[in-house]
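This report concerns only the one structure given below.
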Amino acid sequence: MSLSQMARSIHESVTLKLNQTAALLREKGEPVIHLGGGEPKSKTPIDAIIACTGVLNSGDIKYTPPDGIPALKKAIIRYTEEHYGRQVRPENVVASCGAKQAIMAALIAILDPKDEVIFPAPYWVSYPEMVKLAGGVPVPIVPEDGSFYPTLREIEDAVGSYTKAIILNSPNNPSGVMYSRDFIGQVVELAARKSLYLIMDDTYNRLVFDGRAPINCYDFSTEDLEQSKLLVINCVSKMYAMTGFRIGWAVGSRELVQAMATIQSQQTSGPATPSQWAAVGALNGIQNSIEALRLTLENNRNILMDQLNAFPGVHVTRPDGAFYCFPDFSNYEKNTQKLSEFLLQKVRVVTVPGREFGMEGHLRLSFCGTAKEITQGVERIRWALDPTA
Ligand code: PLP
């Protein structure tokens with residue numbers, strides 16, 4: 000075996016692997032219900048399709064600047080002004096192959112060996128692996144009270160001489176919870192005080208429920224953007240249901256963003272040209288698809304909550320946004336890898352084991368499918384765990 004230590008230490012994305020498992024079983028005609036997925040069912044907005052096919056039809060599809068075409072940067076600048084109230088310049092913006100590459104490029108740009116990155120658990124499965132890929136050390140913070148809400152003290156206590164960055168993701172994958180305004184404000188202030196990078200992963204920021212407004216981290220940042228170590232990540236993947244286009248972006252200081260652009264110039268030469276135009280179409284086009292998706296997800300969340308609240312022995316925290324919830328099944332089985340495999344074998348329901356998100360005993364259930372899939376999926380889980388119920 001001559002693979003690098005790095006290659007051997009990195010785990011495959013369990014959620015992407017589960018997508019493949021579900022697809023293979025479906026191909027064989029198995030009646031699979033996929034509650035493990037991470038993408039909305041809705042179609043790509045028409046404005047994105049028009050913009051993308053326009054460039055495809057021109058046949059003129061060439062390299063672009065590695066940090067994005069000017070039209071995409073312009074659309075991102077407008078988005079930042081509208082949704083964050085911040086005026087930024089093209090040098091403060093880098094477009095990437097999804098939010099994933101933006102975060103990865105940021106980590107490569109800021110981490111030296113042994114540098115640590117703090118993030119609260121439960122966390123998106125990719126954070127630990129991405130930190131390791133960038134040569135750093137992941138430092139997950141598991142809230143002591145068993146909730147999904149770390150305290151500022153827990154975050155601050157984890158800051159040491161090697162800490163370089165904090166990642167916050169709200170609404171959170173996998174729990175769907177939004178951290179409070181106070182908490183986000185305190186973390187922004189802590190990062191500035193300790194001179195740490197703060198990567199705000201706002202992938203689900205527009206998909207929030209119960210009349211709540213997205214929380215804008217810039218509300219708490221008094222620093223000039225060029226002096227600030229705050230980096231805001233977004234993407235078209237979830238809000239426009241455009242996961243396959245692979246377009247995300249980051250907004251931050253010129254120094255960091257330009258370093259990320261240089262890294263991308265050697266990694267990918269930038270995102271695919273037709274995808275960039277599709278993102279321009281989505282960002283500049285009619286915006287009603289986001290609200291339609293948000294309403295569908297809120298309705299699905301309500302259906303799922305009703306079912307889980309009536310599920311004996313299962314504890315669930317109500318998601319405030321995104322399309323995941325993270326119920327505690329430890330009364331049935333503490334080892335959720337085993338539980339997830341059992342549910343797939345026994346009733347063909349795909350779930351994601353909590354261990355992958357840094358919290359055993361929980362399963363991540365997605366509610367981005369249809370209401371019928373959600374209802375039937377939970378019914379099957381209930382029957383599998385207690386056939387007499
Ligand atoms: N950040 C979080 C919290 C996510 O859940 C995901 C995808 O599941 C991403 C980033 C990656 O988004 P993209 O598909 O744009 O790379």
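In numbering that gives the first Met the number 0, the protein residues as written are 0 to 388.
Every residue, glycine too, gets a C-beta built ideally from N, C-alpha and C.
Rounded Cβ spacing between G247 and A98 (contact assumed at less than 8 Å): With a Cβ gap of about 4 Å, G247 and A98 count as contacting.
Straight-line gap, H361 to D209 (C-alpha atoms, nearest Å): Spanning the two alpha carbons is a distance of roughly 24 Å.
Rounded C-alpha distance that separates D201 from D305: In this structure, the alpha-carbon of D201 lies about 27 Å from that of D305.
Inter-residue spacing [alpha-carbon to alpha-carbon] between T242 and T162: Approximately 32 Å between the Cα atoms of the pair.
For S274, three-class secondary structure by DSSP: Three-state result, S274: helix.
Contact check, F356 vs P173, beta carbons under 8 Å: Yes, the Cβ-Cβ distance between F356 and P173 is below 8 Å.
Lining residues of the ligand PLP - beta-carbon closer than 6 Å to any non-hydrogen atom, in sequence order: Answer in sequence order: G37, G97, A98, K99, W123, N168, N172, D200, T202, C234, S236, T242 and G247.
Contact set for K131: own chain, Cβ-Cβ below 7 Å, skip 5 residues either direction: Once the five neighbours on either side are set aside, the close Cβ partners of K131 are S8, I9 and P137.
Minimum C-alpha distance to T335 - residue among V346, R354 and V349: Nearest option by C-alpha distance: R354.
First through last residue of the beta strand (DSSP E) which encompasses G247: G247 to V250 is the span of the beta strand (DSSP E), which, as asked, contains G247.
Terminal residues of the alpha helix (DSSP H) in which F182 lies: Note, F182: alpha helix (DSSP H), R180 to R192.
Endpoints, the beta strand (DSSP E) within which R363 is located: Residue range L362 to S365 is occupied by the beta strand (DSSP E) that includes R363.
beta-carbon R300 near the ligand MG non-hydrogen atom, thresh 7 Å: Ligands displayed in this structure: the ligand PLP; the ligand MG is not among them.
Delimiting residues of the alpha helix (DSSP H) encompassing I49: Here the alpha helix (DSSP H) through I49 covers I45 to S57.
N405 in three-state terms, based on DSSP: Beyond the ends of the chain as shown, which are 0 and 388, falls residue 405; an answer cannot be given.
Contact between the region 262-281 and the region 59-67 (3+ Cβ pairs under 8 Å): Yes: the two stretches touch, three or more of their Cβ pairs being nearer than 8 Å.
Contact the region 135-155 vs the region 263-281: 3+ CB pairs below 8 Å: The region 135-155, when compared against the region 263-281, does not touch it at the 8 Å Cβ threshold.
Coil, strand or helix - A229 by DSSP: Checking the displayed sequence, the identity of residue 229 turns out to be Leu instead of Ala. Collapsing the DSSP output to three states places L229 in a strand.
Cβ neighbours of N308 in the same chain (closer than 8 Å, five flanking residues each side left out): Only V315 meet the Cβ criterion.
Integer-rounded CB distance, given that Y196 should sit under 8 Å from A164: Yes, A164 and Y196 are in contact; Cβ-Cβ is about 4 Å, under 8 Å.
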